[in-house]
Amino acid sequence: MRRLTRAPNTAIAQIWADLLCEGGYPATVQRQFLSGVAGELPPDQCLPEIWLLHDEHEAAAKALLAELARVPQRRWTCTACSEQIEGGFEQCWNCGALMPP
Ligand SMILES: [Zn+2]
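Numbering (my numbering), first residue to last: 176 to 276.
The structure is reproduced here in structure tokens:
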């Protein structure tokens with residue numbers, strides 16, 4: 176077991192863990208039980224953590240989460256009309272062209 180990262184809340188922690196499992200990196204959420212006593216402990220002690228079952232998955236699992244975090248801030252320029260596209264769109268909202276690979 177190896178601690179991969181800390182999530183801002185249990186809902187996100189669960190999503191990350193599910194995605195890691197789907198990606199072939201078995202992961203679990205730890206410390207969720209502490210959220211009920213938040214306020215009595217330092218906040219950083221209450222955040223849920225993602226733990227990997229297999230240490231050797233660490234690098235690949237981190238890359239997967241980084242990919243996930245990057246998507247909403249993605250920005251690209253449409254090659255057809257030069258429009259700047261931001262967010263998770265894979266199609267130009269101006270002319271309908273698809274994002275270049
Ligand atoms: Zn366009």
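A virtual CB, placed ideally from N, CA and C, is assigned to each residue, including glycine. Fair warning: this is a prediction, and the values are worked out from it, not measured in the lab.
Applying the 10 Å Cβ sphere with the 16-neighbour rule, what's the burial state of Ala-192?
Indexing the sequence shown from 1 puts residue 192 at position 17. With 16 or more other Cβ atoms within 10 Å, it is buried.
Provide the residue span of the beta strand (DSSP E) that contains Trp-226, from first to last.
Mapped onto the sequence shown, residue 226 falls at position 51. Taken as a continuous stretch (DSSP letters only), the beta strand (DSSP E) holding Trp-226 covers 224–227.
Assign Ile-225 to one of two classes, buried (16 or more other C-beta atoms within 10 Å of its C-beta) or exposed (fewer than that).
Taking the sequence shown and counting its residues from 1, the one referred to as residue 225 is at position 50. Here Ile-225 is buried, its C-beta having at least 16 other C-beta atoms within 10 Å.
Decide if Cys-256 is buried, meaning its Cβ has at least 16 other Cβ atoms within 10 Å, or exposed.
Translated into the one-based positions of the sequence shown, residue 256 becomes position 81. Flag for Cys-256 reads exposed.
Between Gly-198, Ala-202, Met-176 and Arg-177, which has its C-alpha nearest Ala-188's C-alpha?
For the purposes of this step, residue 188 is taken as residue 13 along the sequence shown, with counting starting at 1. Ranking Gly-198, Ala-202, Met-176 and Arg-177 by Cα distance to Ala-188 puts Ala-202 first.
Tell me where the beta strand (DSSP E) around Thr-252 begins and ends.
To locate residue 252, count along the sequence shown from 1; it is residue 77. Where Thr-252 is concerned, the enclosing beta strand (DSSP E) stretches over 250–252.
Are Tyr-200 and Ala-238 touching if we call contact CB-CB under 8 Å?
The sequence position of residue 200 within the sequence shown is 25, counting from 1. The sequence position of residue 238 within the sequence shown is 63, counting from 1. Going by C-beta atoms, Tyr-200 is not nearer than 8 Å to Ala-238.
Might you give, ordered along the chain, the residues of its own chain that have their beta carbon closer than 8 Å to the beta carbon of Pro-183, omitting 5 neighbours on each side?
As a first step, residue 183 must be located in the sequence shown, where it is residue number 8. So the list reads Leu-222, once near-sequence residues are dropped.
Between which two residues does the alpha helix (DSSP H) holding Glu-189 run?
On the sequence shown, residue 189 is found 14 positions in, with the first residue counted as 1. Sequence check: residue 189 is Gln here, not Glu. Taken as a continuous stretch (DSSP letters only), the alpha helix (DSSP H) holding Gln-189 covers 185–197.
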